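Single-structure report; data block below.
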Amino acid sequence: QKEVEQDPGPLSVPEGAIVSLNCTYSNSAFQYFMWYRQYSRKGPELLMYTYSSGNKEDGRFTAQVDKSSKYISLFIRDSQPSDSATYLCAMSHRRGSNYQLIWGAGTKLIIKP
Amino acid sequence: DGGITQSPKYLFRKEGQNVTLSCEQNLNHDAMYWYRQDPGQGLRLIYYSQIVNDFQKGDIAEGYSVSREKKESFPLTVTSAQKNPTAFYLCASSRQGASSGANVLTFGAGSRLTVL
């Protein structure tokens, strides 16, 4: 079983819809949770990160962490065609003196005009 | 503009040949990383370096080698010992380094290696 599970999609929604992207994880030691966006043939770029449980909002994006369920979500409001990309979740926990970062496989999102 | 430059963008090589991927950053970041991305899998860490002249193996270091002679540069060599080298390779850097949980990575655009 992978430490971080993410539905690969593709997830196809009409422009303007609310999008929900999710990751589940098995290791309760994860403390920091991140969402990256990756356009085709490009490197990932950080969208948001959160520490521990709770919500964080940035413009049209909201990140949510539920540590009791080992579940994180990224919501996109008023989705735009430019949001079409692969969304990667990542999370870290302390391992010795460093933090280990574990990545989900990514969900491909398609916003139809 | 500050960022990470990876080259070449696309590379084709025959089996048994070593190949070196370049990664240069002008962000003045101390830490640099190499990841491999394969379809259906999360990014996997190959090597990372937190300071010049020092680097550590990641989860899948076998068949790869790196050097860190300058702060700005962290080249990756894919050797003939790597059994399945065809992949998308991503270089990243960070200010905080692996000792921080909130380690925000900045990525390059990637290099796609195809071994024929």
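So the sequence lines, in the order shown, correspond to chains L and C.
The numbering used here applies: residue -12 is where the first sequence begins, and numbers increase by one.
The numbering used here applies: residue 2 is where the second sequence begins, and numbers increase by one.
Cβ atoms here follow ideal geometry from the backbone N, Cα and C, with glycine treated the same way.
As the structure is a prediction and not an experimental result, all values here were calculated from the model.
Please decide whether residue i counts as near chain L, where near means a Cβ-Cβ distance under 8 Å.
i      : result
L22/C  : no
G1/C   : In the structure as shown, chain C starts at 2 and stops at 117, and residue 1/C therefore has no counterpart that could be examined.
A110/C : yes
What does residue i touch in chain C if you count any residue whose Cβ is under 8 Å from its own?
i     : result
I89/L : G43
A92/L : G41, Q42, G43
How would you list, in chain order, the residues of chain C whose beta-carbon sits under 9 Å from the beta-carbon of residue i?
i       : result
V(-9)/L : G43
S84/L   : A99, S100
Y36/L   : A103, V105
A72/L   : Residues of chain C passing the Cβ test: none, with the nearest at roughly 13 Å.
Let me see if you follow: with CB-CB separation under 8 Å, is residue i close to chain C or not?
i      : result
R81/L  : yes
Q18/L  : yes
L188/L : In the structure as shown, chain L starts at -12 and stops at 100, and residue 188/L therefore has no counterpart that could be examined.
L33/L  : yes
Determine the chain C residues that contact residue i at a beta-carbon separation under 7 Å, and present them in chain order.
i      : result
G177/L : Given a span of -12 to 100 for chain L in the structure shown, any question on residue 177/L remains unanswerable.
What residue range does the beta strand (DSSP E) around residue i cover?
i      : result
F17/L  : Counting along the chain, F17/L falls outside any beta strand (DSSP E), and DSSP gives it neither H nor E.
K57/L  : Per DSSP, K57/L belongs to no beta strand (DSSP E) and is neither H nor E.
T94/L  : 94 to 99
T37/L  : 32 to 38
R64/L  : Careful: R64/L lies outside any beta strand (DSSP E) and carries neither H nor E.
Q57/C  : 55 to 58
T11/L  : 6 to 12
P9/C   : Counting along the chain, P9/C falls outside any beta strand (DSSP E), and DSSP gives it neither H nor E.
F1/C   : Because chain C here runs from 2 to 117, residue 1/C falls outside it and cannot be looked at.
L28/C  : Run containing L28/C: none; DSSP gives neither H nor E here.
V0/L   : -2 to 1
V105/C : Per DSSP, V105/C belongs to no beta strand (DSSP E) and is neither H nor E.
I52/C  : 45 to 52
Measuring only between beta-carbons, confirm whether residue i sits less than 8 Å from chain D.
i     : result
S66/L : You won't find chain D in this structure, because its protein chains are L and C.
Members of the segment 92 to 105 of chain C near chain L, C-beta cut-off 7 Å: A99, S100, S101, G102, A103, N104, V105
Cβ contact (3+ pairs, closer than 8 Å) linking the segment 65 to 79 of chain C and the segment 54 to 70 of chain L: no
Given 8 Å, three or more beta-carbon pairs between the segment 14 to 28 of chain C and the segment 60 to 79 of chain L: no
Segment contact flag, the segment -2 to 15 of chain L with the segment 27 to 42 of chain L, C-beta cutoff 8 Å, min 3 pairs: Taking 8 Å as the limit for Cβ pairs, the verdict is that the segment 27 to 42 of chain L does not touch the segment -2 to 15 of chain L.
Three CB pairs or more closer than 8 Å across the segment 78 to 90 of chain C and the segment 31 to 42 of chain C: Taking one beta carbon from each stretch, the segment 78 to 90 of chain C and the segment 31 to 42 of chain C have 3 or more pairs nearer than 8 Å; the two touch.
Near-chain C residues of the segment -7 to 13 of chain L - C-beta to any C-beta below 7 Å: P(-5)
Inter-stretch contact (C-beta, 8 Å, three-pair minimum) for the segment 91 to 98 of chain L and the segment 94 to 110 of chain C: no
Given 8 Å, three or more beta-carbon pairs between the segment 64 to 83 of chain L and the segment -9 to 3 of chain L: When C-beta atoms of the segment 64 to 83 of chain L are compared with those of the segment -9 to 3 of chain L, three or more pairs fall below 8 Å, so the two segments count as touching.
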